[in-house]
Structure formats: C-alpha cells, structure tokens
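Please read the structure below before turning to the comments.
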C-alpha cells in the first residue's frame with residue numbers, strides 16, 4: 001500500500017482546490033453565457049420584430065381601434081409575418097411577401113433612407129426558389145409566433161394558454177402605449193448557426209479548463225516539493241539528533257513558520273549539545289571530587305595497614321574527617337540532582353522573609369564570630385510577608401552565608417539589604433574581598449566550581465551551594481545574578497515575587 005507523504009497530501013490538496021475552482025468557474029461561466037446568449041437572441045428577435053411593431057402602430061393609427069385585428073384574425077398574423085418579419089442574417093432589402101393595398105397594388109414598406117424594402121411586383125416571391133446570396137441548402141428560418149394585446153393586456157391575437165413564456169414589446173403612438181406585441185422568449189436554441197456557435201464556444205471552454213487543470217497540477221507539484229523540501233531537511237536533521245549528533249544544524253532560508261521551526265530546532269540542538277557537554281563535565285567533576293577523599297582514605301588506611309602510621313585516636317579522627325567530607329559532598333550532590341529534576345518538595349505558604357534571614361544568621365553566629373565576621377542588615381521594614389517555602393528559603397540564605405564565610409578573607413563583612421520594588425522583593429547580598437573576575441562571575445552558579453585556584457576543601461566548600469541556591473530561587477519564580485560588590489567582594493542580587 002502506497003504511503004502518502006506530506007508532499008502527496010499537499011499536492012492533492014492544491015490540485016483538488018484548483019479543480020473545484022476551475023469547475024466552478026466553468027459552470028458559472030456556462031450558466032452566465034447561456035442566460036446572456038438567450039437575452040442576446042431575444043434582443044435580436046425584438047430588432048427583427050421592430051418593423052412589425054411600427055406597422056401595427058401605423059395600422060392602429062389609421063383605424064383608431066383594434067377591430068381590424070379582430071376581424072382579420074389569422075390572416076393578419078400571416079400578412080404581418082410575410083410582410084414585415086426580416087429574419088436575422090437575411091438580406092434586409094428582401095421580404096418574403098408584400099402587403100395588399102386597397103387598390104390591389106403591393107407598395108413597398110417605407111425605409112428611413114426612402115429605399116424600397118421589397119420589390120415592386122404583383123406576385124409573391126416563390127419561397128422554393130433560392131434567393132440570391134443564399135446557399136441552396138440553407139434552411140429557411142421558422143417564423144415566430146406572435147401575440148398582440150391591447151393596452152390593458154387583453155389578448156387580441158394568439159392563444160391564451162401559451163402566455164407563460166411571452167416577452168411583450170410596447171406599441172406606442174405619440175409616446176402613448178396603445179397595445180403590446182408579444183413573442184416567445186428563447187428557452188432553447190433552434191438556429192443551427194447559433195447552436196454551432198454555442199458548441200464551438202463550449203468546446204473551447206472545456207479545452208481551456210483542461211489546460212488550466214494541467215498547468216495547476218504542474219504548479220501544485222512544484223509548490224509541494226518546494227514547501228516540503230525544508231521539512232525533509234528538518235526530518236533528516238532530527239534523525240541525526242536522535243543518533244546523538246548534537247552538532248547538526250539547519251540553514252534557515254525563510255522567515256515563515258517553517259523558518260521559525262528551523263530556528264527552534266537549531267536552538268534545541270544547541271541546548272542538547274550544551275547539556276551533553278555539561279553532563280560530561282559534570283561526570284568528570286564528580287569523579288574528581290569523589291576520587292580525592294577516597295584516595296586520601298585509601299592512603300591513610302594503607303599506611304595503617306603497612307604500619308607506617310600508628311593506630312591512634314588522631315589517625316581515627318583523620319579518617320573520620322575525610323569520611324565526613326565525603327558524606328557532605330555526596331549529600332550536596334544528591335540535593336543538587338534533586339533540585340535539577342524538581343524533586344525537592346516545596347510547600348508554599350505565607351512566610352516572613354526577615355524572620356527567616358534572622359534565624360539563619362543566629363544559627364551561624366558561632367561560625368561568624370570565630371571567623372571575625374560582622375553582619376549588617378538593612379531592611380525597610382521589620383516584617384516582609386511573601387509566598388514561599390520556609391525551609392528552602394532558609395537553605396538559600398544558609399548557602400549564601402556559607403559561601404561568604406568560605407571564600408572571603410577573615411575579619412570580613414556581609415551586608416544584606418532587603419527592599420520591596422513593585423510586586424517583588426529585592427535582596428542584595430554583598431561580602432568583602434577577595435573579589436572575582438568577570439569571567440569567574442559567569443561561572444559562579446556552575447556546579448562544582450570554585451574560585452580558589454588551590455581548590456582547598458578545608459577552607460572552601462564543595463562548589464555546589466550556589467547551584468542549589470539558583471535552583472531554589474528559580475523554583476520561587478525569581479532570579480539571582482552576581483556582580484562585583486562595593487565591599488570588593490561579590491554581590492548577589494535576588495528578586496522574588498511577593499505573591
């Protein structure tokens with residue numbers, strides 16, 4: 001079974017729409033032409049009957065009544081047809097019969113240019129003999145059925161049961177309507193010449209429709225391939241991405257929705273490539289971080305085994321400290337991984353931010369005093385209520401304080417300023433020297449990153465605290481940034497929504 005691809009569906013959609021449009025135009029054109037052509041034939045019929053209308057008007061003027069029409073009946077109709085009806089495409093200077101005058105002569109019907117309309121003879125033209133200028137086998141046109149009614153539409157000539165399809169022409173004298181002459185409007189074509197014209201036009205229209213459909217099919221084929229081409233490129237690139245080739249990119253050549261999709265795909269590929277490299281670096285950093293305390297433990301245990309070091313309380317305490325650092329690192333890694341995947345449980349409720357900050361400072365008072373640090377708090381108000389998780393906000397401030405204590409010089413200072421700004425609360429956390437370079441500022445929130453070149457674990461932390469702090473802030477729909485502080489250290493600006 002054939003599998004329909006997008007280009008096939010697009011081609012069928014375009015060609016189907018074009019076919020319906022072309023067929024609709026053909027049907028409407030045919031109906032419009034048929035109606036207009038019948039109106040054209042009726043207009044020509046009225047021109048053919050115009051001399052007859054004039055003749056009837058003159059006769060009415062002479063008789064001052066319609067009694068002559070009632071008396072003569074059918075013979076009047078034959079006389080009018082044979083005398084004054086000049087069919088379309090016939091010789092206008094010929095008539096088939098001439099009217100009978102009172103003196104027995106057959107006078108010519110008057111013309112505007114005073115030329116005689118019919119020949120001056122006393123006998124009718126033999127209708128069986130071919131007329132000059134006409135082919136011998138040309139069919140003689142069928143005379144029309146006419147109706148005459150007075151000004152009140154009372155029928156004087158014709159059958160009343162055939163009035164449904166009659167068009168009426170007003171018979172006027174001195175701008176006064178004295179009666180009406182009627183004829184059957186055209187419902188179907190009877191002339192061979194007219195039918196030949198209609199058939200020819202219909203045939204040409206059908207060929208035009210076929211030609212337009214073929215051209216539409218070719219255009220639809222080209223358009224479907226053109227529109228599907230970037231999708232095929234996108235599909236091939238996605239296939240490569242699924243194989244782990246995250247360096248794959250697509251050339252964006254348009255500004256439409258497909259172009260935007262290609263741009264989004266490139267951003268996705270860039271993000272995947274960056275995440276892959278970060279994961280690889282993350283694994284390498286974890287391996288390095290875990291290898292160091294494990295190597296120390298192994299070395300000290302081997303020293304005890306080989307008798308290089310004596311088993312004593314000091315050696316046991318040294319082993320305990322390394323195990324403690326290892327457990328601390330593993331715990332930080334676990335919390336970081338949980339915050340990355342959103343597994344940290346958050347219970348949002350109304351909490352007092354100032355109170356949480358005071359609790360953190362009070363809990364670290366001994367460490368602050370032993371390091372010779374001073375804490376300066378600048379708060380606009382004694383109480384600041386916001387929607388947040390008390391435990392996680394406590395962890396946020398604790399990580400920032402531990403970072404300042406671990407990386408600032410002894411006898412330093414931490415300055416915390418809290419203020420509200422519109423619907424947000426702004427927390428500025430600044431510490432003293434040493435500061436960091438612009439390049440280091442961009443990496444402070446990277447996991448396992450330490451600014452100290454020696455990576456001293458006795459004085460520094462694990463390099464994970466700020467990463468966890470960033471995740472906590474973002475979980476509260478806030479932002480955290482780092483920049484140099486006025487105290488020659490680092491300043492962290494935290495923005496949290498109040499609600």
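Numbering (full-length UniProt numbering), first residue to last: 1 to 499. Where is the CB? At the ideal position from N, CA and C, for every residue including glycine.
For residue 25 and residue 31, the gap between their C-alpha atoms comes out near 10 Å. In this structure, the alpha-carbon of residue 250 lies about 21 Å from that of residue 5.
Contact between residue 272 and residue 241 holds, with the beta-carbon distance rounding to 7 Å and staying under 8 Å. CA-CA distance, residue 425 to residue 227, rounds to 50 Å. Counting only the Cα atoms, residue 208 lies some 28 Å from residue 186. Taking each of 391, 200, 315, 364 in turn and checking the Cα distance to residue 347, the smallest one comes out for 391.
A distance below 8 Å between beta-carbons, with the five flanking residues on each side excluded, links residue 252 to the following residues of its chain, in chain order: 259, 262, 263, 266. One Cα belongs to residue 222, the other to residue 21, and the distance between them is close to 19 Å.
Note that the C-beta distance between residue 387 and residue 224 is not below 7 Å. Spatial neighbours of residue 430 in its own chain (CB-CB distance under 6 Å, excluding positions within 5 residues in sequence) are listed in chain order as 415, 485, 487, 491. Residue 239: member of the alpha helix (DSSP H) spanning 192-242, first to last residue.
Nearest in C-alpha terms to residue 400, of all of 499, 215, 270, 466, is 466. In this structure, residue 408 and residue 489 form a Cβ contact; the two beta carbons are roughly 6 Å apart against a cut-off of 8 Å. Counted as a single uninterrupted DSSP element, the beta strand (DSSP E) harbouring residue 480 occupies residues 479-484. Beta-bridge annotation (DSSP): residue 329 is not paired with any residue.
Around the CB of residue 476, 16 or more other CB atoms lie within 10 Å, so the residue is classed as buried. Note on residue 373: 16 or more other CB atoms within 10 angstroms of its CB, so buried under the neighbour-count rule. In this chain, the alpha helix (DSSP H) harbouring residue 354 covers 353-363. According to the DSSP secondary-structure assignment, residue 168 is paired through a beta bridge with 182. Residue pairing from DSSP places residue 429 in a beta bridge opposite 416, 492. For the 7 Å CB-CB criterion, residue 147 and residue 179 do not form a contact. Residue environment for residue 65: exposed (fewer than 16 other C-beta atoms within 10 angstroms of its C-beta). A residue is called buried when at least 16 other Cβ atoms come within 10 angstroms of its Cβ; residue 195 does not meet this threshold and is exposed. Taking the Cα positions, residue 481 is about 38 Å away from residue 235.
In terms of CA proximity to residue 395, 470 leads the group 350, 470, 440.
In the DSSP secondary-structure assignment, residue 147 is bridged to 182. The shortest CA-to-CA distance from residue 369 to any of 411, 269, 314, 397 is the one to 411. In the assembly as shown, residue 165 is an exposed residue. Its beta-carbon has fewer than 16 other beta-carbons within 10 Å. If you draw a 10 Å sphere on the C-beta of residue 383, you find fewer than 16 other C-beta atoms in it, and that means exposed. Membership of residue 259 in the alpha helix (DSSP H) is indicated by the continuous run 257-306. DSSP places residue 24 inside the alpha helix (DSSP H), whose first and last residues are 6-63. Under DSSP, the beta-bridge partners assigned to residue 424 are 421, 497.
By the Cβ criterion, the stretch 169-179 is in contact with the stretch 49-61, since at least three pairs of Cβ atoms, one from each stretch, lie closer than 8 Å.
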